[in-house]
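First the structure, in the form of C-alpha cells, and then the observations on it.
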Amino acid sequence: MQIEEKFEPTIVAFCCNWCSYAGADLSGTNRLQYPANVKIIRVPCSCRVNPMFILRAFQRGADGVILCGCHPGDCHYTTGNYYARRRMTLLFSMLDFLGIERERTRLEWVSAAEGAKFAATMNDFVETVTRLGKNRRLEDLRCNK
Amino acid sequence: MQQVIRDKALSLLEAGKVDRVLAWKEGEFFYDQTPHVFKTAEEINRSLVYNGFSAANLSKYLVKETLKDGMIAVFLKPCDTYSFSQLLKEHRIPREKVWAVGIPCDGKLDIDRIRKAGLRGITSIREDGDRLSVSTIYGEKTVAKSDALAERCENCKSRKHIVYDELIGSEGEALDSGRFDAVEALEKMSPEERFAFWQKELSRCIRCNACRNACPACTCEKCVFDNPASGIESKAPASSFEEQNFHIIRAFHVVGRCTDCGECSRVCPQSIPLHLINRKFIKDINEFYGTYQAGENPDERAPLTNFDKDDMEPADAFRKGE
Amino acid sequence: MKKIALQNLPKLFSAISESKALYLPVDTESGAEFRLYREGDTLSEACNTNRSAKDFFFPQVEDMAEFKVEGKKIEVLDIRRESEEFVIFGARACDVKSFEILDSVFLADPVDTYYKNRREHVTVISLACNFPEETCFCSTFGIDAASPAGDVAAWIIDEELYMTALTEKGEAFLSAHAALLSDADESKVDKKKEEIAEICHRLPLQNLPVEHFKAEKLMEHFNDPKWAELSQSCIGCGTCTFVCPTCQCFDIRDFDTGNGIQRYRCWDSCMYSDFTQMAAAQPRLTQLERFRQRFMHKLVYHPANHEGTYGCVGCGRCLAKCPISMNIAKVIKEIGGEK
Amino acid sequence: MMQKEALLPEIGVITDIRIDTPDVKTFRVVTPDGKKPFLHVPGQCAMLSIPGVGEALFSITSSPTNTEFLEFSIKKCGCVTSFLHSIEPGQYVTIRGPYGNGFPVESAFLGKDLLFVAGGIGLAPLRSVINYCRHYRDKYGKIDIVYGSRSMQDLVDYREIIDEWCKEEGINVHLTIDREQPEWSGHVGFVPNFVKELGFDTGKTAVLCGPPIMIKFTLAGLQEIGFQKDQIYTTLEMRMKCGIGKCGRCNLGDKFICKDGPVFRFDQLEELPDEY
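Residue numbers (our numbering), protein chains in the order written: chain A, 1 to 145; chain B, 146 to 467; chain C, 468 to 806; chain D, 807 to 1082.
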C-alpha cells in the first residue's frame, strides 16, 4: 500500500532588511512558530524585488512567493514600498491573467515590531499554498529532476 | 494619398529641409513593404508607397537614424505618433533632427486575414472603396475591407496625431474603441481556462525576438535577455516556463510605456496575440491608477515611476475584479 | 503506383499510427503545423506549414548531455536514446529537399549523432503541391513541386491520393499498408504534373536569377554596395532563420537545474548581435554584416562547399513571415542582378 | 551502443597551474588516469569547458612531442577564462578535440628558415610549433623569434624563453616591450617596427600571431621588406560552439575557422571576407 505523503510546499519570502526581516527575527526570539517551509531572502528594500525574482523563485521550485516590506509611509528609503506596491499589484494581476493561481503570490506589510504578525502571516500563507498543492503552472520541469 | 506623400517627400528633400525621408518601400507584391530611408527624388518616385499595407510603425527607426548627421523626415500614422511621442519623452530621439509629417490612416490590412479567407497565390490587391479586388494565380477575388482589417485597426484607439510638424489631411479624434473587450473576455474565464488559453498561445513561441525588436518601447541598448550576466538569458523556449517568463518580463518592462501600437502582434510569425498581455497591463493601470495613455502627454509621470499613498493593495486589486 | 480514396485516408493514418508515430500537417487557428496524428485530424491543404519540417531532425531545443558536479569532480552523462520510428506524411518538395541540405552539414564527418539518430528512423511521404503560393520559388533551385523526393511521393488528384515508392523504405511502407491501397496507373499523375508545372510557370518569383552566385564571385558579391541598403531596415530578429528549413546554426548552452547541469543546444541566428560576440572582439559589428552573412552563406558559401547546391529551397516562409518584408527573393534580385 | 558523439566531451583534470603574467596562466590537463587526452598537431585547438559556466576554444600550447599532458596558456578575458583563473589544481574540466588544421610542420615548413612573430598572448599557439621545431631541429633551417608584449611582466613563458630558447644554437630570440622599464635592458618598441628594423632575409617562412592591429602592421612591414603573402601564415580566432563546422558561427566565406583553419596563409585570407 502506498502511503500518501503530505505535501510540503516551498515558500519563498522576500523580506525587507529594515522591517520584516527584523520582524521574522522577533518572532523567532519570541518563540512564535512558523513553518520551516518558508525560505527567507533578505533584500535591502521591498522595492529591490524585481518581477524576475518572483518568477525565478517559481521556476526554481517555489510553490508560493510572498513579499514583505515596511508599512506604507515607513519605508527606510521614504518611498520604496510605494513603488513596490504598484509593481507587485500589476505583476500579480498579470500572473492571475495568465492563469496562475492568485493565492500563490502575496504582498504583506510587516514592521520590525510585528513578530506575531509575521508568524501569523506565514502560517496562513503556508496553509493556503498547501491547500493549492504543488505549483504546476509556473514551474520549470528541468528543475524538478 | 500615395502621390500626396510622395510630393511632400520630394518637396521636403528639394527644399533642403531634410536630408533623408523615412517611409515605406514597394515590395514584390502589393503587401510586402519594407521601411526604407529614401535619399533621392528618383528613389522616391520609383518606390515610395503608401496604402493599406503600409503597416510598419516607423518611429523606432528614428532612434538609430537620428544618430546620423542631418535632418530626417518621417511619415507617421496616428498611432505611430504615440510611439514617437513616447520615445521623445524618454529622450531616445532628438526632436530637432526629425521633421514629422502626420498622415491619415483609415486602418491597415492584414495579409494573413486575407489568406485565412482562403485566398491563395495573391499577386496584387487593389482597394476599391470598401472592397479589395485581389488578383491571385488562381483568378480574381474580392474581399470586404472590413474582413481584412488588422486587429489593432479594428480596435483603433485614436485617429489623433499627438506630435507632428505638419499634417496631411485633417486631424482625427481619439476613439472609443473596444480594445479591452478581448481582455475582459479572458478575465471572465476561470483560471484554468485562462491558463489553457495562454499555454496554447505561448507554446507556439519560437523566441525569434521579432516582438521585442519591432517594439518601439523596447529600445534598450542591451536587452536583459541578451545579457549572459543577467542570469536569465535563455535563447530558446527550452521549457514552458521560459516562454511565460520571456513574455511576462518583456511586457512588464514596457508597462506604462507601451502605447498599444500593436507591432508585437503584427510581426509575430506564430500569430500569438501578444497585444493582449500589454493591454491587460494598460487596462489594469487605467482601473487601478486612473486612465493613462502612454505617449499622449509628455509631461505626465508614468504609472510605475509614480505612486499615491492610497494606492490599492494587490489583494484589493483581485477583489475589484470580482 | 498505388492509390487510396481521400475518404479512406483516416483509415490509413490510423494504420500507420498503430506501429509508428505519424506526423502530418494539420490546420490550426494560426495556420498549418506538423503535429502528431490524433484521431480525427485531417491533412491540411496549406502549401506550407508555419514552421518548417527541420524540427523533426533538428529541434529548436535539444538536450545533449548532463553533468554531475561534485566539488572539483565532474561526471559526464550520455543521455542519448535511440529514436523511435516515425513517419512524416505530407512534406512538400521544398521541405524534403531541405533534408538533403541539412544532411550535407550534419552528416558530414564528424557525424552529428543526435541528428543522424532521428534521420535514420524516419519514413518521408512527400506530397506534390496542387496550389503553389505566390511566395514559392522552389523552381529557382531546381526543385520540382510536382515531383517531390522522399521515400514515397504522393499526389492528390480529384478525390484520390496517388502514391509511388522512391526508396526501399518507401516500398516497405506501401507494402505494409497494401491492404488499404489499390493499384493505379500513372496517366492521371502525369497529367497532374503537367498542371502543376503550368501553375509554377505562372508564379511571379519562379526562376530568380541565381546563376551568378558562384564561388568565383565571392568577394565581388561580398563587397556589393547594395548590402547596406538592403540591410538598413532589418530589425535583427531571428524570424527568417527560425522559419527557414535549411538554417542550421545552433548554440550550445548549459542550464543549471539545481541538481546538475544540463547541456542543451538550441537554434541560433546569425542575425543576432551576440552570434559572434567574443569576450574581446566582435567581427560582425553591425546588422549589415550579419544580414550579409545570412544571404552570402545561403547563396555563395554553401554552394561553394557543396557542389553548387544552394542553401535555400525557395519555400517562401521568410517571405511571408519577415516583419519588414525583406527577404531572400529581394536580395537575389538586387545583388549582382540586372537591377 | 550508439556511435561516439563528437560534441560529447571527455573529462580532463587540471594537474598544474603556472602563473605566467598578471593575467595569463598556463594549465596542464591530463585524463583522470593521468594520460595525455589526445594527440595533436601544432596549431590545433581544443574545447575546454566547465559545466554551468561555459565552453570555449583554446589553442594547445604544449608541443605534440610532449607525451604526458596538454598545456593551455589562457588569458583572463571573459566568462570561462575568468573561472579557469579562479580554480586550483585537481579541478575537473571537460575537454574535446583536437580541432582545426594546425601548422604545415610536415609539409610547407620542412627545410625552411622560420620566422615567428608574436605579440602578447599570441605566443600561445606559436609555442607549440616552436617547441615542435626545436625537437625536430634538423628538419628546419634557422629559427627567428620576435616576441613583444606590453611590459616585461606580460611576456608569456619568459623563463622558458630565457632559459631554453635563447641558449639554443640556431635560434635567435628578439624580445621587445612597448614601454621602457628600469629593469629591462632589451629593445623597446612595437613589434611591427621591430620586425622592420631587424630586416629579415626574405627567403624565410613567417608565422604571425597576436592582436589584430599587430598582425595588420607586421604584415605590411614584412611585405615592405620583400616578403610575399604566400610566405606568411597566421592563426585566426572566432567565436565557436561546436568546433566541427556545424554550428555556423566561425564561418568565413566558404571556410569554417574551426575546421579549415585556424591556420591560414595570407594569400588564402585575401580571398576571404575580412570578418575576423
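Every residue gets a Cβ at the ideal spot worked out from N, C-alpha and C, and that includes glycine. Computed from a predicted model, the values in this text were never measured in an experiment.
Item                                                                                                                                                                                : Value
Can you find the residues in the same chain that come closer than 7 Å, C-beta to C-beta, to I666(C), ignoring five residues on each side of it along the sequence?                  : P599
Could you name the residues that DSSP lists as bridge partners for K881(D)?                                                                                                         : V830(D)
Please state whether DSSP places H891(D) in a helix, a strand or coil.                                                                                                              : helix
With a cut-off of 9 Å, does the C-beta of G61(A) fall near any C-beta of chain C?                                                                                                   : yes
If contact means a Cβ-Cβ distance below 9 Å, which residues of the segment 111-123 of chain A contact chain B?                                                                      : none
In this structure, how does DSSP classify M457(B) when only helix, strand and coil are distinguished?                                                                               : coil
Mind reading off the beta-carbon distance from P72(A) to W109(A)? Whole number of angstroms is fine, and I expect it under 8 Å.                                                     : 7 Å
Step through the CB atoms of chain C and report whether any lies within less than 9 Å of the CB of Y206(B).                                                                         : yes
By the criterion of Cβ-Cβ separation under 9 Å, what are the contact partners of Y77(A) in chain B?                                                                                 : Those do not exist, as Y77(A) stays about 13 Å from chain B at its closest Cβ, beyond 9 Å.
May I ask you to list, following chain order, the residues of the segment 64-98 of chain A that have a beta carbon less than 8 Å from some beta carbon of chain B?                  : P72, G73, T79, Y82, Y83, R85, R86, R87, M88, T89, L90, L91, F92, S93, M94, L95, D96, F97 and L98
Buried or exposed: T436(B), going by 16 or more other Cβ atoms within 10 Å of its Cβ?                                                                                               : exposed
What are the residues that DSSP puts in a beta bridge with R720(C)?                                                                                                                 : Y731(C)
Can you confirm whether Y195(B), when its beta carbon is compared against all beta carbons of chain C, has any partner nearer than 9 Å?                                             : no
Just confirm the distance between the C-beta atoms of V656(C) and D618(C), as a whole number of angstroms; I'd bet it's less than 8 Å.                                              : In fact, because the Cβ distance is near 17 Å, the residues do not count as touching under 8 Å.
So, does the CB of L813(D) fall closer than 9 Å to a CB anywhere in chain C?                                                                                                        : yes
With distance defined between alpha-carbon atoms, name the residue in V994(D), L1028(D) and L961(D) nearest to F1072(D).                                                            : L1028(D)
In this structure, what does DSSP give as the bridge partners for L641(C)?                                                                                                          : In the DSSP output, where bridge partners are listed per residue, L641(C) has none listed.
Under a CB-based cut-off of 9 Å, is K425(B) close to chain A?                                                                                                                       : yes
Tell me, please, whether the segment 970-990 of chain D touches the segment 1006-1015 of chain D by the rule of three or more beta-carbon pairs shorter than 8 Å.                   : no
Q527(C) CB to nearest chain A CB: under 9 Å?                                                                                                                                        : no
For R464(B), I'd like the list of residues in its chain whose CB is within less than 6 Å of its CB, leaving aside the five on either flank, ordered along the chain.                : none
In the DSSP assignment, find the unbroken alpha helix (DSSP H) run with A359(B) in it and report its ends.                                                                          : A355 to A359
At a CB distance below 7 Å, what residues from the segment 843-858 of chain D approach chain C? Give them in sequence order.                                                        : P857 and G858
Taking all protein chains shown into account, do 16 or more other C-beta atoms lie within 10 angstroms of the C-beta of C176(A), making it buried, or fewer, making it exposed?     : An answer regarding residue 176(A) cannot be provided, because it is not within the stretch 1 to 145 covered by chain A.
Based on the DSSP output, what are the partners of D822(D) in its beta bridges?                                                                                                     : R834(D)
When the cut-off is 9 Å and only beta carbons count, does N143(A) lie next to chain C?                                                                                              : The amino acid at residue 143(A) is misidentified as Asn; the sequence shows Cys. Output row for C143(A): interface = yes.
Using 8 Å as the threshold, is the segment 392-404 of chain B in touch with the segment 351-362 of chain B, meaning 3 or more CB pairs across them?                                 : yes
Could I get the ranges of all uninterrupted beta strand (DSSP E) runs contained in the segment 601-636 of chain C, with 3 residues as the minimum, in chain order?                  : 619-624 and 627-632
What's the gap between the Cα of R258(B) and the Cα of V767(C)?                                                                                                                     : 36 Å
State whether the segment 292-303 of chain B contacts the segment 524-539 of chain C, with contact taken as three or more CB pairs (one from each stretch) at a distance under 8 Å. : no
Going by CA-CA distance only, name the one from M958(D), I927(D), S955(D) and D919(D) that's closest to R940(D).                                                                    : D919(D)
Rounded to a whole number of angstroms, what is the C-alpha to C-alpha distance between A664(C) and S642(C)?                                                                        : 30 Å
Return the CA-CA distance between C413(B) and P790(C), expressed in angstroms with no decimal places.                                                                               : 8 Å
Return the CA-CA distance between D775(D) and H891(D), expressed in angstroms with no decimal places.                                                                               : Because chain D in this structure spans residues 807 to 1082, residue 775(D) falls outside the shown range and cannot be described.
Using DSSP with H/G/I as helix, E/B as strand and the rest coil, what is L1014(D)?                                                                                                  : strand
Just curious, the beta strand (DSSP E) that H181(B) is in, first and last residue?                                                                                                  : T179 to F183
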